[in-house]
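In what follows, a single structure is set out as structure tokens and then discussed.
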Amino acid sequence: MAARYLKNQRMPAILMWQSMMISSENAGTRAISTSSARLLETVNSTPNLKMEEAETVEKPKERTRILVLGGNGFVGTHVCKEALERGLPVVSVSRSGRPRLTESWVNDVTWLRGSLFESEQWKDQLSEVTAVVSCVGGFGSNAQMRRINGDANIAAINAAAEKGVNRFVYISAADMGLPAFVLRGYYEGKQAAEDALRSKFPYSGVILRPGFIHGNRTVGSMTIPLSAVGTPLEVVMRHLKPATQLPLIGSLLIPPVKVTAVAKAAVRAAVDNAVPPGELDVWGIMRLGDRFTSTKFELRCKSTCS
1 MAARYLKNQR MPAILMWQSM MISSENAGTR AISTSSARLL ETVNSTPNLK MEEAETVEKP
61 KERTRILVLG GNGFVGTHVC KEALERGLPV VSVSRSGRPR LTESWVNDVT WLRGSLFESE
121 QWKDQLSEVT AVVSCVGGFG SNAQMRRING DANIAAINAA AEKGVNRFVY ISAADMGLPA
181 FVLRGYYEGK QAAEDALRSK FPYSGVILRP GFIHGNRTVG SMTIPLSAVG TPLEVVMRHL
241 KPATQLPLIG SLLIPPVKVT AVAKAAVRAA VDNAVPPGEL DVWGIMRLGD RFTSTKFELR
301 CKSTCS
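All residue numbers for the sequence shown refer to UniProt numbering, where the first residue is 1 and numbers rise by one.
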């Protein structure tokens with residue numbers, strides 16, 4: 001009985017609350033209707049006032065543009081060609097500019113002549129690119145090799161970081177276990193450039209460390225088929241990774257890698273933010289190149305890579 005009494009006592013309160021809500025809704029509806037009517041009346045009475053539908057504006061997708069340093073060399077030309085095949089605009093900077101190649105793709109690259117030590121010749125290009133791939137390297141005296149492999153690349157890395165370039169890929173070299181006096185300047189320069197890249201691009205710098213790179217190399221009017229030797233060695237030695245840990249001879253068992261595989265890995269590392277920063281050995285280069293099978297690729301996120 002007590003429960004029934006309390007229930008009966010609450011009913012009028014509930015009904016009263018529902019009634020108030022309905023009244024409020026009706027009042028709000030009348031207010032909205034009145035406001036709408038006044039707005040329409042104002043529009044109709046104002047001859048120059050027009051109501052138009054808002055136009056949806058879509059922000060155009062930002063294209064990835066790659067700057068290839070040393071783009072007219074053996075590795076550099078393949079990097080340029082690979083990037084073009086992915087639908088990416090390419091700019092190349094090198095000391096001699098356009099290469100003496102007659103293939104049609106050469107016409108699609110913007111070739112610039114300049115020195116990495118004189119950044120005013122090419123630094124403006126960094127504002128228009130989202131990634132840099134450096135293929136700069138060379139041989140000579142120890143001093144020359146430190147300057148070409150080290151100082152030149154360090155200058156480029158510093159300039160790219162200053163301009164806010166998103167990603168930087170540096171094609172270095174595997175340590176072949178040679179005595180310290182052999183190619184000392186070459187490896188010292190490479191190591192200095194790697195250190196600079198880790199410092200300036202800690203979250204978006206990728207270092208490729210291939211061994212012997214093979215493919216068809218053009219020198220003047222002559223083509224040198226390096227793959228005639230490199231391909232059989234690669235097929236055999238790519239499965240000998242555990243043996244590379246052997247003392248003394250392990251480094252000599254690092255397999256050769258095809259230049260097109262290096263180019264594929266370099267381009268993917270330049271445009272794919274999923275590729276983590278750090279170093280890739282020969283096997284990492286092969287895997288990365290093998291997985292890069294799409295014909296078109298765009299930078300996934302520009303804002304989070306710098």
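Each residue gets a CB set at the ideal place from its N, CA and C atoms; glycine is no exception.
Helix, strand or coil for residue i, going by three-state DSSP, please let me know.
i	result
E118	coil
R100	coil
L208	strand
F201	coil
P60	Only weak support is given to the placement of P60: the predicted model assigns it a pLDDT of 39, under 50, and the question is left unresolved by the model.
residue 318	The question about residue 318 has no answer here: the residues shown for the chain are numbered 1 through 306.
R217	strand
S141	coil
G164	coil
V182	coil
Applying the criterion that 16 or more other CB atoms from any shown protein chain within 10 Å of the CB defines a buried residue, is residue i buried or exposed?
i	result
E194	buried
Y170	buried
N107	exposed
G278	exposed
A161	buried
P179	exposed
W17	Note that W17 scores 40 on pLDDT, short of 50, meaning its location in the model is unreliable; the coordinates nonetheless yield the value given after this. It is exposed - the Cβ of W17 has fewer than 16 other Cβ atoms within 10 Å.
P255	buried
L197	buried
S104	exposed
I'd like the list of long-range same chain contacts for residue i, defined as Cβ closer than 6 Å, with 5 residues on each side in sequence excluded.
i	result
S119	A159
S294	Low local confidence applies: a pLDDT of 48 at S294 is under 50, so the model's placement there is unreliable, with the coordinate-based value given in what follows. Excluding residues within five positions, none has a Cβ falling inside 6 Å.
N153	S134, V136 and A193
R98	W111
I207	Y170, S172, E194 and E279
I148	G138
Span of the alpha helix (DSSP H) holding residue i?
i	result
T77	F74 to E85
G289	V282 to R291
Which residues in the same chain have their Cβ closer than 7 Å to the Cβ of residue i, if we skip the five residues on either side of it in sequence?
i	result
S115	R95 and Q121
A270	I66, A131, V133, R167 and V169
Note the first and the last residue of the continuous beta strand (DSSP E) segment covering residue i.
i	result
R113	T110 to R113
D66	For clarity, residue 66 is Ile in the given sequence; the question names Asp instead. Taken as a continuous stretch (DSSP letters only), the beta strand (DSSP E) holding I66 covers I66 to L69.
V133	A131 to S134
V267	Counting along the chain, V267 falls outside any beta strand (DSSP E), though it belongs to the alpha helix (DSSP H) covering V259 to V271.
I254	Here I254 belongs to no beta strand (DSSP E), and DSSP marks it neither H nor E.
V90	V90 to S94
If contacts are defined as beta-carbon pairs under 8 Å, then residue i and residue j qualify, I think. What distance do you get, rounded to the angstrom?
i	j	result
G289	A265	4 Å
R129	S92	The sequence given here places Val at residue 129; Arg does not occur at that position. Wrong, their Cβ atoms sit about 11 Å apart, outside the cutoff.
residue 315	G211	Because the chain is modelled from 1 through 306, residue 315 falls outside the range shown and cannot be assessed.
V79	V109	So it is not a contact: roughly 10 Å between Cβ atoms.
Leaving aside the five residues before and after residue i along the sequence, list all residues of the same chain whose C-beta is less than 8 Å from its C-beta, in chain order.
i	result
K200	I157, N158, A160, A161 and F168
Please tell me whether residue i has its Cβ less than 8 Å away from any Cβ of chain D.
i	result
A159	Protein chains in the displayed structure number just one, and chain D is not present.
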